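What follows is a short report on a single structure.
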Amino acid sequence: MLSLTGYRLVLWNSNTDMRLSFNGLSGIVVNEMKEDPFQYGTLYAFFNHRRTQVKILGWDGDGFGIFYKRLSRGTFGTPIYNIETKMMVLEKKDLLLILEGVEVRFRKRYERSGRYHKS
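See below:
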């Protein structure tokens with residue numbers, strides 16, 4: 000079971016060659032995503048072209064780890080993402096839904112501004 004508690008989750012939504020491992024995936028993080036792969040507490044998710052495989056790369060303080068899942072049937076859902084950066088930051092629940100096969104659609108939700116007005 001993959002524990003995602005306390006992690007920032009970044010989804011790379013461009014097709015990724017699943018033959019890539021630690022160096023290749025961290026190269027995408029540096030060169031394409033313009034992020035630091037050595038940032039503790041951030042996980043980077045990569046999908047293949049057919050969206051039947053996912054690799055999640057993370058730095059745990061003394062080395063990289065990869066979680067790899069290949070579906071027997073079906074495909075992973077494709078959330079809407081920023082077209083310019085080809086990436087998006089996900090919440091834990093959203094990535095878990097994607098990994099479980101639920102189609103995630105992001106819609107604008109009400110957010111309370113934190114200001115309370117008394118009449």
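Last residue of the sequence shown: number 118 in numbering that gives the first Met the number 0, and the count goes up by one each step with no gaps. All C-beta atoms in this analysis are idealised placements derived from N, C-alpha and C, irrespective of residue type, glycine included. If you're wondering where the values come from, they're calculated on a predicted model, not measured in any experiment.
For the alpha helix (DSSP H) containing residue i, name the first residue and the last one.
i	result
Lys92	91–99
Leu24	21–30
Count the other CB atoms within 10 Å of the CB of residue i; is the residue buried (16 or more) or exposed (fewer)?
i	result
Phe154	Past the boundaries of the shown model lies residue 154; the chain is included only from 0 to 118, so the question cannot be answered.
Thr4	exposed
Asn14	exposed
Asp35	exposed
Gly60	exposed
Ser25	buried
Which whole-angstrom value describes the C-beta separation of residue i and residue j, a residue pair presumed to lie in contact below a C-beta threshold of 8 Å?
i	j	result
Phe46	Phe75	6 Å
Would a check of beta-carbon distances place residue i closer than 8 Å to chain D?
i	result
Tyr6	Here there is only one protein chain, and chain D is not present.
Starting from residue i, follow the beta strand (DSSP E) in both directions and report where the run begins and ends.
i	result
Gly60	From DSSP, Gly60 is part of no beta strand (DSSP E); its letter is neither H nor E.
In whole angstroms, what separates the C-alpha of residue i from that of residue j?
i	j	result
Asp93	Lys54	16 Å
Thr41	Gly73	27 Å
Glu31	Tyr43	12 Å
Flag residue i as yes when its Cβ comes closer than 7 Å to any non-hydrogen atom of the ligand GTP, and as no otherwise.
i	result
Tyr67	Among the components of this structure there are no ligands whatsoever, and the ligand GTP is therefore not found.
Q) Between the segment 17–32 and the segment 89–102, do at least 3 Cβ pairs fall closer than 8 Å? A) no
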